[in-house]
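A quick write-up on the structure given underneath.
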Amino acid sequence: MHNVRPDNSFDEALADALEFGQREIAELASVVDVAAAVYGEAGAKLVRDGDFDAVMGEFAQMRLRFADELSAHLAEQSKVLSTFNVAFFGRTGAGKSTLLSAFGELNGEAVSPFGASDWTETVKPILWRGCQLYDTPGINGWGRRKSREELEATARKAVETADVVLLCFDTQSQQASEFAKVAAWVTHYGKPVVAVLNVRNPRWRHPARVPTQAARRNMSEPVAQHAENIRVELANIGLDDVPVVAISSRRALFARAATPYQGPAKQNFDDDRDRYGIDYLSRWSNFAALESVLTAGITAGGSQLRLKSLREGVRARLIDEATSLEELRIRLTERINELDRITQRYLEVLGYLETEERSRDLHDDVWHTDLLTLAESARRKPYKAASDGSLLRQVRNLLKPHLAEARNNALRRYKDLEHQAFHEGKTIDAETFAERVFDGGELIDALDRVSTEAAAFLARELSLAGVELRMNDAAAYEKADLNGDAGETADLFANLLRGGGMAGGVAAVAVPFLLGGPLGIAAGIGVGAAAAVSNWFGSNKSRDAVREKAEARAKAARQGRRAIHNTFDDIERQFASGVSTSAWAAAAPLMRPALIELIVLTNLSTDIGALTTHLRGQATSIAQTPPLHFLDTTFRLLDGEDSGGSKGFLLGEDWFDQDESIELSYDTTDSADFCRERNDEDTDALRHAIGEAFAHPEPSSIRGWLRQAAEAAVADEAFVGVTNLAAPLARPAVVVAGDYSAGKSSFIKRMFTEFGIEVPASLHIRADATTDDVHRYEMGRIDVVDTPGFQSRRGDHDDLALAGVRDAALVVVVLHINLLIGDTAALQTIANGMPTGVGKWPRMLFIVNRCDELGVDPLDSTAEYFNRRDRKLTELGAALRSRGIEIDATHIHGVAADPYGSVGMQYPVTAADYDANRAWDGIGALVAALREWVDDDLTRATALAGFDKACSALLVLREDTRADIAAYRNETGKHDSLIAAMDIGLEDANYLQRSLEHELDDVLAAFVTQAVARIRAVAVGEEKDLAEAISSWRNAETEDEVKRFMERATAKVNDWSTTHASTISREEAAAGFDVNLNLPGAASVGGVGEAVGQAAGVAGSVAKFGAQLGKVLGNREAALQIGHFFGHKFKPWGAIKAGKAVGRVGVVFGVVAVAADGADWAFQASKARNWDSKRDAAVEQVESDKYDAVQLLLAEPDGPWAYLNERTEQVRLLRGQYEGRQRAAQQEAERLERRLEVADELITAAQELRGGSGK
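Quick note: the sequence shown uses this note's numbering, first residue 13, plus one each step.
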C-alpha cells in the first residue's frame, strides 16, 4: 500500500492555504489599485473631439473594462477563499460529470442519462474533503441546447478561480483544439494540473471479465498510447511533468454512488454491485490512484498552490492588458504613420511653413498655438521639407511657357510703339505706354490656364479640388514714357521709372484666378512706371539734338524692355506667392483635423507605451511562487518507485497478474433473438441507403453531359482535362475517413476479416495518429482506402485525407461516440463539397464506432444498449444538421468494430476472432449491405465516381478561371494609374522644357536689352561703334550668367527625373505586376531595348532600356523585383552632371559670334535710307543672334534639354509598352470570361443531374 500522509496533515495544509490566501488577496488588491490609477491618468493631455473618437473611446472602454474585470476577478477570488477549489475541465462527453459524482459520492443524477453531448450547462460545485470541486460545461461540443461559445465561457470562468485543474480526457481521441484551449485558459493562468484519462472500454481493469493476461495487456496498450499522446501534447504547450491518471469513471461511480441510484444504466449499476461488490468496483476503477495523487499534492503544497493561483491570475491579467495595449499601440502607430505621411506630403507639395506662416494658416484656438509646432513636438523631430514645395516649382515651370506669348507680344508691341514715337516725333506718356504695350485679356487668359493646371496638379497631388489660387497683391504693369521730343530737358530723364505707376490714373486690369472652386478673386494688375519726359524737336539739326535723341532712344529701348520684363517677372513672382498662400488657405481646413488627430494619437501612443511598461512592471513585482509538480509529489507518494512502478500505478496496469475468479452466467436466449431482429432492420436500412445513393444520376444522363463537355473541349482545350477525368474508374473506391483515433483502421481490419481477405501488414492499429498517408487496399472487386485522421495536430493530415476522398465511389465516415466535436470543417467539405470539389452526399455512410463504450453492457442489458445506440445515432443526425449536412437517417449506423479492443493489434486475425460479440456489434448488417452492393453490377458506381472527378475538375477550372479573370482585370486596372503617372511625367517634362527655354531667353534678354540700348545710342556714321554694340551682349558676364542658368536647368531636370521616377516607381510597386501572366500579343523583349537605345540618341547614357520605369529611373529595389519581366539588366539613370553643358557655353557663343560676323546686316544696312534704319537692322541682328544662341544651347547634346528629351522618349516608349500589356490583359480577360460562361453552364447542368445546388 502506498504511503499517504494522514488526514490531519491534509487538513492542516488546507487551513494554511486558506490563511495565506486571505493575506495575499490584500496585497494583490493594492497592486490592482495602483495599476488602475496609472491607467486612469493615461491619455488625458491634449484631448480633443474628432473623427478619432472611436480610438479614444476604445481606449476609454479598455480602461473601464480593465478596472472592472480586475475588481470582479478579485471579488470572485474573495468569494471562494474559504475553500480550496478544484475545477474539472475538458471536452464534452469525456466523463467529467461522472467523475465529479464519484468524488462527491452523489446518486448519479448529474450524469447524462444517455451520453448526450453538452449535458452540463452550468458550473456545479460539490464538497470533497474540505475542497470545492467544480463540474464545468464541456468544450468543443456541437451546441445541443446552448451555443458552444456560451458553454465554454462558463467553463473558463470556473477555471480562472481554481487552485488546481483536473484536465479530463477520454480514450476516444485528444484533439488539437482541446490542447489549444488548455494552453489559452489553463497554462496561461499558471494553473497546476493533473490529467485524468477516462478509459471508456468497459472491460479495461475488469479481471473478472478478462481472464487472460494477454488480453489484459492488449486492452491496456491503447490506454498507454493515449496517455503518452496526452503527455507529449501537454509538454508542447509548456505543461511538463503532468501525471496522467487512467481511471474508469463509470466503474468509480458505480462503486461510490449514493443510493437510491438515479444515474444512467441503473440495471448495470444494480447488476455490477450485486455481482462484483463495491470493493471490487472501487479497486478496479483506479479511482484511488487519482484521489491519492490529488491528496498528496494538496498536502505537500496547498499554500503554494493557492498563492500561485492568486498571483498568476492577477499577473496574467496585467500582462494580457499590456499585450492588448501594445496591439492598440501598433494600430495607433499605423494610423500615426499614415497621418505623418499625409503631413509630410502636404509640406512637400505646399512648402514648409515658417513661424509667421504657421500662425496664419495652422493656428489652433483651443490649444492657443499652431498645430505644426505641436505636431513636431509630439513626434520629437521637425519635418524635412523645402520652403518651396513642388506646387511652387510646378507653377514656376508653367508660368514661363504660358506667359511667353504675352511677353513676346508685349515686346513686339513695344518695338512698334518705340519706332512710331521716335520716327513720328510723338510723345508717348506712361498711360499710353501701358495701354499700347500690355494686353490685359491676354494676360488673364494665360494666367487662367496656369491656374487651371496648377489646381489640377494640386488636386492630383493632394486631392484638393476646387482650390482658389490667387496672387497676394496686385502686380503693377511697369510703365515707360516714350518721349519722341527728347532733348529739350535732360533733367527729366530722372523720371524714367516713375515710382509705383498707379498715380497716373491707370485702371487695374482684373485677372481672375478661379480654379474649380465656388469663389472667385480678382487680382488687379496695375500698369504703371516712370519715364523720362522731355521735349523732342523732330528736325533739330544740331549735334546736341542728334546726340540727345540717340541717348533718349537708347534709354527708352533699355527702360522699355526692362519695364516689360520686370512687369512679367513681378507677375510671375506675385502669382507664385499667391498660389502658395491660396493653396495653404485651401489645405489648412483639411490639414488641421489631420494634425489634431496626429497630435492626440501620438501623445496617446506615448502614454500607452509608458502605461504598458508600468503594467509589465507591476506584473513583475508580484512575487513568484515556485511551481508544485504533482508528478514529484506522486513519486514521493510511491516512495521513489521507478518509472515503471509509477506507470503501473497511474495507468492501472497492476491488474495484469491479478486473479479475480467470479463465476458469471448470462441468459442469452432473449438477447440473441433481439439482436437478430435489430440486425435484420439495420441490414434493410443500409441496403436502402446504398441503393438510393447510387440511383442518381442515370448513366445515360451522365453520357449526355459528357457530350456537352466534349463539345466545349473542341472550342477550348482547357475543358479537355475535364472530359479525360470523366472516364469510369477501373475499380470503385470505398474511402474511410474521420477523426484520428475514431477506429478507422480497426474498422478496415474488421472489413477485411469479414470479406475473408488477409489483413495487410501495413494496416497499423494504435491510439494515436497512426495513419500518416493515404493507403489503398484491394478488397475483392473494390478498393478500400484508409486516410489520415482529422484533428490530429499533424500538419498535412487533413489535406491528405480530403485528397483521398476525391476518387471515392462511396465514403464511409467513422466517428467515435462523442460524435462531432472540435473542428468539423473537413466533414462538411466531404458531404457538401467546396468551390473546388463536389460533395459526396448521398454516397456516404456515417458509422458511429465503439458503441461498446456507450456505458451499457450489451450482454447485461441488450435492449438498453440498443436504446442508447439509437439515441446516439439520432443525436448524430441532429448534430450533422446543425453543421449544414442534411442526411437521411438510414445512412447512419452504429458498430463496435473491435468490441472492447479484444483483437487490437493481433495478427493474424480471422472473422472467428470477433464471434463472441458478433450478435450485437452491428458489423453483420453493414457487411451484408456492402457485400450485396459489391456483388452487384458496379458500372454505375464507377461511372458516378468518374462523374465526380470530372465535376470537381470543372469546379477547379471555374475557380482558376475566376482567379485568372480577376488577375487580368486587376492587371488592366492597375495600368491606369501607372499610365496616368507617365502621362503626368511627360506633360510636366513638356512644361519644363518650354519653361527652361523661356527662362534662357529671359537670361539673354537682359543683355540683349543693354545691347539694343547701346545700338540706339551710337552716333550717326559710327560704323565701328555700331558693330561693337551689336556684339556687346556676348561677353564674359553673359557667359557666366548662362552657365549659372545651365546649372539651374540641370538641377530642374534632375528634380523632374527624381520626382517622376519616384512617382512612377511607387505606382509600379503599388500595382505589384504579376510577371507570370501569359499575355498574348505583348511586345517582344528584344526590339524594345534597341528601339529605345536608338531613340535616346546618347550612346552609353542609358544602356539597353526595357525594364519597368523603376529600373530606368534608378529605383533599384523595385527594379530587382520586376526587372526579369523583360529579361534584361539595365544601367539605372543617375543624376546628370552640369559640367559638360556648362563647359560648352563658350563654344556655343563662339559659334554665334562666327555666324554673326559673317552676317550680311551691314550690307542690308547700307541699303537703308538713313542711319536710323541701320540701327533698326542692327537691333534685328542682335535679336536674331540671341535666337540662334538659344537654339544652339537647346540642341547641345550634353545639355539638360538633350537629357530631358532622351528620358521623356524612354518614358513614352515604356508607356506604349505598358499600354500594349494592358490591352493584352483586357483581351485575355474577355477570352476567359467566355470560358467561364461555358463552365457555369456545364456546372449548372451537372448540379441538376446530381439533384442539388452543389458548389
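From the three backbone atoms N, C-alpha and C, an ideal C-beta is built for every residue, glycine too.
In the DSSP output, which residue or residues are listed as bridge partners for M917? Its beta-bridge partners do not exist; DSSP assigns none.
Looking at the structure shown, is A220 part of a helix, part of a strand, or coil, going by DSSP? Three-state DSSP puts A220 in coil, outside helix and strand.
Which of helix, strand or coil does DSSP assign to I859? strand
Whole angstroms are fine: how far does the CA of S1043 sit from the CA of E1053? 16 Å
Is the closest heavy atom of the ligand NAD to the C-beta of L822 under 7 Å? The ligand NAD is absent from the structure shown, which contains no ligands of any kind.
Expressed to the nearest angstrom, what Euclidean distance is found between the alpha-carbon atoms of R1246 and W1213? Taking the straight line joining both Cα atoms gives about 49 Å.
If I'm right that I1273 touches L386 with Cβ under 8 Å, what's the distance once you round it to whole angstroms? Because the chain here runs from 13 to 1267, residue 1273 falls outside it and cannot be looked at.
Beta carbon of L4 nearer than 8 Å to that of V98: Not covered by the structure: residue 4. The range shown for the chain is 13 to 1267.
At the level of alpha carbons, what is the spacing between L76 and V50? 12 Å
How is the beta strand (DSSP E) around W379 delimited, first residue to last? Looking at the DSSP string, W379 is not in any beta strand (DSSP E), and its letter there is neither H nor E.
Beta-carbon spacing of A269, F299 below 8 Å: no
Going by beta-carbon coordinates alone, are F580 and R419 separated by less than 8 Å? yes
Measuring CB to CB, does A908 end up less than 8 Å from G889? no
Taking P744 and A962 to be in contact with their CB atoms under 8 Å, please state how far apart those CB atoms are, rounded to whole angstroms. The pair is not a contact, with the Cβ atoms about 16 Å apart (cut-off 8 Å).
In angstroms, rounded to a whole number, what distance separates the CA positions of R715 and G851? Distance between the alpha carbons of R715 and G851: 20 Å.
Using only the alpha-carbon positions, how far apart do L30 and L812 sit? Per the coordinates, the alpha-carbon of L30 lies some 53 Å from the alpha-carbon of L812.
V1038 - DSSP class collapsed to helix/strand/coil: For clarity, residue 1038 is Leu in the given sequence; the question names Val instead. Correct three-state label for L1038: helix.
Indicate whether R855 and F706 have their beta-carbon atoms separated by less than 8 Å. yes
Buried or exposed: where does F759 fall if 16 or more other Cβ atoms within 10 Å of its Cβ makes it buried? Here F759 is buried. Its C-beta has 16 or more other C-beta atoms within 10 Å.
Endpoints, beta strand (DSSP E) assigned at E790: H787 to M791
Taking only runs of the alpha helix (DSSP H) that begin and end inside the stretch 606-667, which ones reach a length of at least 4 residues, in chain order? Correct list: 642-649 and 655-662.
Closest residue to I608 among L1038, V1015, P125 and D377 (Cα-Cα distance): Comparing Cα positions, the closest option is D377.
Stretch-stretch touch, CB-based, cutoff 8 Å, three pairs: the stretch 283-294 with the stretch 189-201: Taking 8 Å as the limit for Cβ pairs, the verdict is that the stretch 189-201 does not touch the stretch 283-294.
For Y364, I'd like the list of residues in its chain whose CB is within less than 8 Å of its CB, leaving aside the five on either flank, ordered along the chain. Hits under 8 Å: Y395, A397, A398, S399 and G401.
Starting from the Cα of L374, find the closest Cα among V177, M603 and V968 and give me that residue. M603
Given a cut-off of 8 Å on the beta-carbon distance, is the pair T695 and A749 in contact? For T695 and A749, no; Cβs fall outside 8 Å.
Check whether the stretch 307-315 and the stretch 638-645 touch, using three or more Cβ-Cβ pairs below 8 Å as the test. yes
Less than 8 Å separating the beta-carbons of R788 and L950? no
My guess is that I331 and A631 are in contact by the Cβ rule of under 8 Å, so how many angstroms apart are they, rounded? 5 Å
Out of L209, S260 and R221, point me to the one whose CA is closest to H238's CA. L209
Over what stretch of residues does the alpha helix (DSSP H) that includes G202 continue unbroken? Segment: none, G202 is in no alpha helix (DSSP H) and carries neither H nor E.
State the DSSP-derived secondary structure class of Y1230, mapped to helix, strand or coil. helix
What's the gap between the Cα of T1256 and the Cα of R981? Distance between T1256 and R981, taken at the CA atoms: about 25 Å.
Straight-line CA distance for D1067 to M846? D1067 and M846 have their C-alpha atoms roughly 54 Å apart.
Please state whether the Cβ-Cβ distance between D1279 and H577 is less than 8 Å. Because residue 1279 is not part of the residues shown, which for the chain are 13 to 1267, the question remains open.
4 or more residues per run - each alpha helix (DSSP H) lying fully within the stretch 87-142: 108-116
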